[in-house]
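Going left to right, the sequence shown walks through residues 5 to 104 as my numbering numbers them. Ideal placement from N, C-alpha and C gives every residue a C-beta, glycine not left out.
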Amino acid sequence: MKILKKCLRELAIAVMLVIYKSEDISKKMFGYKRVDEIRIPAWQSRPKETSIEKWKLFYKKYKKLPAIIINKKGFLIDRFSLYIAAAEMNLEYIKVTKVK
């Protein structure tokens, strides 16, 4: 019985990993990136709180956010206030537009 429980537990973990990875792959295919993977330039200063709150209200109303702009190396180029709002709301993914 212990062996069966152990096998079922390992199977459940494997299934959860497959689901998690497939979600990650599908999000990336549609132009999303994990919020914690976006790199912030050292020179970037924190935007005004009113700007961050504006994006939070936008998300509460429309349940989505516009894309942030990143370069090929994953550094944030534009919409830092939107990025901070997403991070503060604990969003896992955010829409990105890559520029050269």
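{"Query": "C-beta atoms of Thr101 and Ile56 nearer than 8 Å", "Result": "no"}
{"Query": "Same chain, Cβ closer than 6 Å to Lys37, neighbours up to 5 away in sequence not counted", "Result": "Val100"}
{"Query": "Nearest-angstrom beta carbon gap, Ile42 and Leu80 [assumed within contact, 8 Å]", "Result": "6 Å"}
{"Query": "Close-in-space but distant-in-sequence residues of the same chain around Asn75 (CB under 8 Å, 5 per side omitted)", "Result": "Ile81, Lys102, Val103, Lys104"}
{"Query": "Counted within 10 angstroms of its Cβ, other Cβ atoms place Arg83 as buried (16 or more) or exposed", "Result": "buried"}
{"Query": "Cβ neighbour criterion (16 or more within 10 Å) applied to Leu15", "Result": "exposed"}
{"Query": "Secondary structure of Ile98, DSSP reduced to three states", "Result": "strand"}
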